[in-house]
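So the structure is just underneath, and the comments pick up after that.
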Amino acid sequence: MQLFNGEFNISFHRCKKDQCDRCVQWQVMEATGQLTVSERTRRDEHILMKTVTRQQRASDMADATSNTLLVSFDLENMFALPRMSASSAYYRRKLNTYNMMALVHKNKQAYCAVWSENVGGRSGNEIASAVIVLLKHILLDHLEYEQLLLWSDSSVPQNRNSHISYALQHLIASSKQLQS
0 MQLFNGEFNI
10 SFHRCKKDQC
20 DRCVQWQVME
30 ATGQLTVSER
40 TRRDEHILMK
50 TVTRQQRASD
60 MADATSNTLL
70 VSFDLENMFA
80 LPRMSASSAY
90 YRRKLNTYNM
100 MALVHKNKQA
110 YCAVWSENVG
120 GRSGNEIASA
130 VIVLLKHILL
140 DHLEYEQLLL
150 WSDSSVPQNR
160 NSHISYALQH
170 LIASSKQLQS
């Protein structure tokens, strides 16, 4: 990387990190002097919970046994196709495309499920289907694991719903390899 940056003046694009809407709101309130004592307390509790969650994930990664595989998944930002900057095409109807990504922490291997809005949207059913397809591929590539430990964000329409719960129960019940 130093060779590219130093010798050729080329650098790699750094991905933007998503920021929580609440955190951004509190940053704006603090910058404009509108952050009240009660809002400051809520912000501090929020940051504490975020820290506890990160510590738990780090603990899960460190404590993963030889038969447990830690997988994180998230629906990435949708992107519109075609990508054009010409104004006549920019404002026309585009095809939205979705990307569900899963990361296996043990070997940093990424898996993606990509679909467009003509196939499905981003409701609980579509997300559950994408997660199950990804997990089946992950299990095929990691036959020695009997347990999955899953991490995702707390988006209710995408991850915290009955569709995901039932799909995961069905995956466990139908898999000869997976125990939990």
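Using numbering that gives the first Met the number 0, read the sequence shown as starting at 0 and increasing by one per residue. Glycine included, every Cβ here is placed at the ideal spot set by N, Cα and C. Here the structure is a predicted model, which is why all the values come from computation and not from measurement.
For residue i, three-class secondary structure by DSSP
i             : result
methionine 77 : coil
valine 23     : helix
leucine 94    : strand
valine 103    : strand
valine 70     : strand
valine 113    : strand
leucine 177   : coil
serine 151    : strand
glutamine 33  : coil
glutamine 55  : helix
Own chain residues within Cβ distance below 7 Å of residue i, not counting five before or after
i             : result
aspartate 73  : Met100, Ser151 and Asp152
arginine 159  : Ser153
threonine 96  : Met77, Phe78, Leu80, Val113 and Ser115
histidine 136 : Tyr110
Straight-line Cα distance separating residue j from residue i
i            : j            : result
leucine 138  : lysine 49    : 29 Å
alanine 172  : arginine 41  : 41 Å
aspartate 20 : valine 118   : 29 Å
glutamate 6  : lysine 107   : 29 Å
serine 179   : leucine 170  : 10 Å
glutamine 18 : leucine 34   : 18 Å
leucine 148  : glutamine 26 : 33 Å
glycine 32   : glutamate 38 : 12 Å
Contacting residues, own chain, Cβ-Cβ under 6 Å from residue i (five flanking each side not counted)
i             : result
histidine 162 : Gly123, Asn124 and Ala127
asparagine 98 : Glu75, Cys111 and Val113
cysteine 22   : none
tyrosine 144  : Asn66 and Leu68
Integer Cβ distance of residue i from residue j, believed to fall under 8 Å
i             : j           : result
leucine 80    : lysine 93   : 6 Å
alanine 166   : valine 130  : 7 Å
glutamine 176 : leucine 142 : 7 Å
Close-in-space but distant-in-sequence residues of the same chain around residue i (CB under 8 Å, 5 per side omitted)
i          : result
serine 174 : Leu138
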